[in-house]
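Undergrad: Provided herewith is a single structure, encoded as structure tokens, for subsequent inquiry.
There are 2 protein chains.
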Amino acid sequence: MLIIADNLHVVRSDIARAVADMNPEPIRRLVHSCLRAGAQAIDVNSGPLPRKARERMRLLVDAVRSVHRGSLLLDTTNADAMAAGLAACRGKAIVNGFSLEPDRIERFLPLAKSFGADIIGYLLYPGGRVPVDADDLMQAAVSLFEICIAAGLPPERLIIDPVIAPLSWQDGLRHNQSVLTLLRHLPDLLGAPVRTIAGLSNLASGPMPLERKIALEQAYLPMLAAAGLDMLLVNVWHKPTIETANLSDGLLGSGVFAWGDVAPGPAPHPEGAMAMSIEHEKER
Amino acid sequence: MLIIADNLHVVRSDIARAVADMNPEPIRRLVHSCLRAGAQAIDVNSGPLPRKARERMRLLVDAVRSVHRGSLLLDTTNADAMAAGLAACRGKAIVNGFSLEPDRIERFLPLAKSFGADIIGYLLYPGGRVPVDADDLMQAAVSLFEICIAAGLPPERLIIDPVIAPLSWQDGLRHNQSVLTLLRHLPDLLGAPVRTIAGLSNLASGPMPLERKIALEQAYLPMLAAAGLDMLLVNVWHKPTIETANLSDGLLGSGVFAWGDVAPGPAPHPEGAMAMSIEHEKER
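For the record, the sequence lines run as chains X and E. Residue numbering for the first sequence follows this note's numbering, starting at 1 and increasing by one per position. Residue numbering for the second sequence follows this note's numbering, starting at 285 and increasing by one per position.
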């Protein structure tokens, strides 16, 4: 499972200021911190960039690229910003993303194709309508897949995002169970090497203690992994969540994992990070 | 998922002494502690009881029963002790257990039948040979099932244990992946309401820091739950593991879980302490 940081987001005041000031330093620092925390790829969430879209997206991409050579997800609804980001992004780029909304298909699919980028397709109907159940998710996946094929995009360039719902939504719980069903059946359904991604931070969004958020992420993540998820978009500063991601990969035989290394246990974590300390079986 | 404590074991010196002294008090205290930690059933692991088998098993069962009215698993290879335990056990009893070993079939299956108890069947061939892969696990499950049916035991009284392997075993990792496959396919395979159980403490047995053990349990447990596991045999003093079990049930819609109660969450925890407590969820 590829671990992608969702931490680089212009809703953060330090990043908003860095973008406004055209100052790459805070962006680099944040990406460094994500890489140290276990990120293998970075989602660049620039927001819609209503002003100076190209210039600001280039700043973001250049700043990330100066410290990270791996995959880079470009996360904006602004097609001009997307084009500028793709042009600036030396190395692997992923358009994040499109859905069954005709406007998104028309603006983003040709961009991914012409720049040779991968593209993330959300299982969302026009108007952002969420599929009602597992069958509906599968129908949406088939529709997205067919649109890509018709547009001449090879299946291995499509990454499907079934969209994890916040548990606070009325049907969030049931939707996320359907997401597991979709992931398990997708390879047979499409018969093609389409990958999958999911944004875990959605799960426990809203006001909730951090410990609770992380515990929920830790419980749902191994289910996603066992269902076959390829890429995980996540807050990499949730240290126990990242540890669970790595252990899940190890248990599923899909990660770089040496069981012989089990005994020494985890390395000490940097100050300020979320510590996972267990009370020592105090009942005994 | 029913949570069963595996903590009551005569390898513990306090329990060994209590049994030798015919003193129920330490047994009651231990069971109380398990119930407080979230146990819904208790596995009474008496060991083989080479001396005073009946008397000592009765002591154990009476002591547990005096503080716990729920299910009670009788865990011994001694058929005399098993019979004494079943006779003493007012309320739900589960024979733990038998396998494809002819001797175990002959001695334990008739006991379960005549006492109206459920029985756990391990997917182990004669001589304790472990099935080599998922297909072999399924074959063993079919064989166990057919033996029960032939003996006149209703399918709903059989509980299949695919036997989680220690990760330190050469093929432990691959075996535990096959266990997930078996659990997912068992309902279709048998077409009968056979339940499943797994002993999670096996996974990370051997010398390993406690934090690592628990992190591994927390990663594998949601996979078991999503694969359809009915009953979890576990060290209930591993608090984060039990929390993960409850959250997994909640996420799968199989537990008593109020998402509306998510927001208030646990109180702030003292620095350094593990605070992911949801002890009150189940009580509501």
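Glycine included, each C-beta is placed from N, C-alpha and C at the ideal position.
Helix, strand or coil for M422 of chain E, going by three-state DSSP, please let me know.
TA: Against the second sequence, residue 422 of chain E aligns to sequence position 138. Looking at M422 of chain E - three-state DSSP - the assignment turns out to be helix.
Undergrad: Since V61 of chain X and A88 of chain X are thought to touch, with beta carbons under 8 Å apart, how far apart are those beta carbons, to the nearest angstrom?
TA: Indexing the first sequence from 1 puts residue 61 of chain X at position 61. Indexing the first sequence from 1 puts residue 88 of chain X at position 88. Correct: roughly 4 Å between the Cβ atoms.
Undergrad: For G70 of chain X, name the three-state secondary structure that DSSP assigns.
TA: For the purposes of this step, residue 70 of chain X is identified with residue 70 of the first sequence, where counting begins at 1. DSSP places G70 of chain X in coil when its eight states are reduced to three.
Undergrad: Using a Cβ-Cβ distance under 8 Å, would P222 of chain X count as near chain E?
TA: Stepping through the first sequence from its first residue, residue 222 of chain X is reached at position 222. Yes, contact with chain E.
Undergrad: Using DSSP with H/G/I as helix, E/B as strand and the rest coil, what is T77 of chain X?
TA: As a working note, residue 77 of chain X is residue 77 in the first sequence. DSSP places T77 of chain X in coil when its eight states are reduced to three.
Undergrad: Return the residue from the list E:S317, E:N291, E:A304, E:G322 that minimises the CA-CA distance to E527 of chain E.
TA: Taking the second sequence and counting its residues from 1, the one referred to as residue 527 of chain E is at position 243. The option with the nearest alpha carbon to E527 of chain E is E:G322.
Undergrad: Is S532 of chain E close to chain X, meaning its C-beta is less than 8 Å from at least one C-beta of that chain?
TA: Here the question's residue 532 of chain E lines up with position 248 in the second sequence. Yes, S532 of chain E counts as interfacial toward chain X.
Undergrad: So for M231 of chain X, helix, strand or coil by DSSP?
TA: The count along the first sequence starts at 1 and reaches residue 231 of chain X at position 231. M231 of chain X: strand per DSSP, three-state reduction.
Undergrad: Looking at V130 of chain X: is its Cβ nearer than 8 Å to the Cβ of L189 of chain X?
TA: Taking the first residue of the first sequence as position 1, residue 130 of chain X is located at position 130. Taking the first residue of the first sequence as position 1, residue 189 of chain X is located at position 189. Not a contact, by the Cβ cut-off of 8 Å.
Undergrad: Does the beta carbon of R174 of chain X come closer than 8 Å to any beta carbon on chain E?
TA: As a first step, residue 174 of chain X is located in the first sequence; it is residue number 174 there, counting from the start. For R174 of chain X, the closest Cβ of chain E is nearer than 8 Å.
Undergrad: Counting only runs of 4+ residues fully inside the segment 181-243 of chain X, write out the alpha helix (DSSP H) ranges in chain order.
TA: 210-226
Undergrad: Assuming P222 of chain X and A503 of chain E form a contact by the criterion Cβ under 8 Å, report the distance between their Cβ atoms to the nearest whole angstrom.
TA: Within the first sequence, the letter at position 222 stands for residue 222 of chain X. Within the second sequence, the letter at position 219 stands for residue 503 of chain E. Right, their Cβ atoms sit about 5 Å apart.
Undergrad: Output yes if chain E places a C-beta closer than 8 Å to the C-beta of L251 of chain X; else output no.
TA: Taking the first residue of the first sequence as position 1, residue 251 of chain X is located at position 251. Taking a beta-carbon distance threshold of 8 Å, L251 of chain X counts as an interface residue toward chain E.
Undergrad: Listed from N- to C-terminal order along the chain, which residues in the segment 177-199 of chain X have their beta-carbon within a distance smaller than 7 Å of any beta-carbon of chain E?
TA: Q177, L180
Undergrad: Among the residues of its own chain, which have a CB less than 6 Å from the CB of N78 of chain X, if the five just before and after it don't count?
TA: Numbered from 1 along the first sequence, position 78 holds the residue referred to as residue 78 of chain X. Result list for N78 of chain X: P48, L49, A53, in chain order.
Undergrad: Taking a contact to mean a Cβ-Cβ separation below 8 Å, would you say L357 of chain E touches G405 of chain E in this structure?
TA: Here residue 357 of chain E refers to the residue found at position 73 of the second sequence. Here residue 405 of chain E refers to the residue found at position 121 of the second sequence. No, they are not a contact pair.
Undergrad: When the cut-off is 8 Å and only beta carbons count, does Q218 of chain X lie next to chain E?
TA: Residue 218 of chain X sits at position 218 when you count from the first residue of the first sequence. It does: the Cβ of Q218 of chain X has a partner Cβ on chain E nearer than 8 Å.
Undergrad: Exposed or buried, V19 of chain X, counting other C-beta atoms within 10 Å across all chains shown (16 or more means buried)?
TA: Here residue 19 of chain X corresponds to residue number 19 of the first sequence, with the count starting at 1. By the neighbour-count rule (16 or more Cβ atoms within 10 Å), V19 of chain X is buried.
Undergrad: Would you list, in chain order, the members of the segment 76-107 of chain X that have their beta-carbon closer than 8 Å to a beta-carbon of chain E?
TA: Correct list: empty, as no residue qualifies.
Undergrad: Can you give me the Cβ contacts of E156 of chain X inside the same chain, cut-off strictly under 7 Å, excluding the 5 residues immediately before and after it?
TA: As a position in the first sequence, residue 156 of chain X is number 156, starting the count at 1. Once the five neighbours on either side are set aside, the close Cβ partners of E156 of chain X are P193.
Undergrad: How about the segment 458-475 of chain E and the segment 510-517 of chain E: do they share at least three Cβ pairs that are nearer than 8 Å?
TA: yes
Undergrad: Under a three-way DSSP split, which group does I299 of chain E fall into?
TA: Here residue 299 of chain E refers to the residue found at position 15 when the second sequence is read from its first residue. It is helical.
Undergrad: Going by Cα to Cα distance, which pick from E:I299, E:L370, E:S383, E:R301 is closest to G400 of chain E?
TA: Taking the first residue of the second sequence as position 1, residue 400 of chain E is located at position 116. Comparing Cα-Cα distances from G400 of chain E to each of E:I299, E:L370, E:S383, E:R301, the minimum goes to E:L370.
Undergrad: Are the C-beta of V256 of chain X and some C-beta of chain E separated by less than 8 Å?
TA: By one-based count along the first sequence, residue 256 of chain X stands at place 256. Low confidence applies to V256 of chain X: its pLDDT is 46, below 50, so where it sits in the model is not reliable, and the reading given next is rough at best. False, the Cβ-Cβ gap to chain E never drops below 8 Å.
Undergrad: What's the gap between the Cα of P166 of chain X and the Cα of N202 of chain X?
TA: The residue labelled residue 166 of chain X in the question sits at position 166 within the first sequence. The residue labelled residue 202 of chain X in the question sits at position 202 within the first sequence. Cα-Cα distance, rounded: 5 Å.
Undergrad: I'd like to know if A510 of chain E contacts chain X, where contact means its C-beta is closer than 8 Å to some C-beta of that chain.
TA: As a first step, residue 510 of chain E must be located in the second sequence, where it is residue number 226. Yes, A510 of chain E counts as interfacial toward chain X.
Undergrad: So G97 of chain X packs on D161 of chain X, CB below 8 Å; how close in whole Å?
TA: Numbered from its first residue, the first sequence carries residue 97 of chain X at position 97. Numbered from its first residue, the first sequence carries residue 161 of chain X at position 161. Rounded to whole angstroms, the Cβ separation of G97 of chain X and D161 of chain X is 6 Å, and the two are in contact under 8 Å.
Undergrad: Under 8 Å, Cβ to Cβ, is there at least one residue of chain X near E527 of chain E?
TA: Along the second sequence, read from residue 1 onward, the residue named residue 527 of chain E stands at position 243. E527 of chain E counts as touching chain X.
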